[in-house]
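Q:
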Amino acid sequence: MKTTLKIFLIAAIFAGTTANAQVNTIDSVATSKVQHFNFDEMESETIGEGIQRKWFHGEKGQMTIFNLEKGAHIPWHQHPNEQITYIMSGKVKIKTMIDGKEEFVIVSGGEVIVFPENIPHEFWALEKTVDLDVHVPVRQDWLSKELPDYLKKSE
1044 MKTTLKIFLI
1054 AAIFAGTTAN
1064 AQVNTIDSVA
1074 TSKVQHFNFD
1084 EMESETIGEG
1094 IQRKWFHGEK
1104 GQMTIFNLEK
1114 GAHIPWHQHP
1124 NEQITYIMSG
1134 KVKIKTMIDG
1144 KEEFVIVSGG
1154 EVIVFPENIP
1164 HEFWALEKTV
1174 DLDVHVPVRQ
1184 DWLSKELPDY
1194 LKKSE
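Counting from 1044, one number per residue, gives the positions in the sequence shown under my numbering.
#1: Quick one: grab the DSSP three-state call for residue 1082.
#2: Measuring only the C-alpha atoms, how far is residue 1276 from residue 1165?
#3: Enumerated in chain order, which unbroken segments of the beta strand (DSSP E) with a length of 3 residues or greater are wholly contained in the stretch 1101-1147?
#4: Taking buried to mean at least 16 other C-beta atoms within 10 Å of its own C-beta, is residue 1201 buried or exposed?
#5: In the DSSP assignment, the alpha helix (DSSP H) including residue 1192 goes from what residue to what residue?
#6: Taking the alpha carbon of residue 1098 as the point to measure from, which residue in 1146, 1188 and 1193 has its own alpha carbon closest?
#7: Alpha carbon to alpha carbon, how far is residue 1066 from residue 1075?
#8: Specify whether the stretch 1154-1169 and the stretch 1116-1136 touch according to this definition: at least 3 beta carbon pairs, one from each stretch, less than 8 Å apart.
#9: Taking the C-alpha atoms as reference points, what is the distance between residue 1149 and residue 1134?
#10: Note down the Cα distance separating residue 1156 from residue 1138, rounded to an integer number of angstroms.
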């Protein structure tokens, strides 16, 4: 129940008061009506060695679940989107910029880290991990089937 509540609260952060949210999966046709999904029923896509994701987006933000195998690596990158990362289970080591210096942070199950827009970051899964990310605005580089260059490095 706690996990469901946390997911609901995170979704509420980016959904705000928009009643006609646009919700899409990568393969769906855009609509301007409220939609309802079950992440457990969504198909995962493999986007790198040991990295699977399921995601959807609304008009202003998106939500992604990453399933990371131990040892999976998401290379150093940045994007013009705020990123809220909630580690649902497992543990990751993250390299990022804090106060203008490269720093490493360990984030474990139940913890959250927030990256402002254009702050570089890199992830290593220290154990099998489930990571829920919210990006605002929608990641334009994810709207095509082509992987961003930084993810091609993790294949």
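Heads up, the beta-carbon is just placed ideally off N, CA and C, and yes, glycines get one too. Small disclaimer: the values here were computed from a predicted structure and weren't measured.
A: Quick answer:
#1: It is helical.
#2: Limits of the chain in this structure are 1044 at one end and 1198 at the other, which puts residue 1276 out of reach.
#3: You should have 1105-1111, 1116-1120, 1125-1132 and 1134-1141.
#4: The chain is shown only over 1044 to 1198; residue 1201 falls outside these bounds and no answer can be derived.
#5: Here the alpha helix (DSSP H) through residue 1192 covers 1192-1195.
#6: Minimum Cα distance to residue 1098 is reached at 1188.
#7: Per-residue confidence for residue 1066 stands at a pLDDT of 38, beneath the threshold of 50, marking its modelled position as unreliable; no derived number is given.
#8: Contact holds: three or more Cβ-Cβ distances are below 8 Å.
#9: It is roughly 7 Å from the alpha-carbon of residue 1149 to the alpha-carbon of residue 1134.
#10: Cα to Cα, the separation comes out at about 12 Å.
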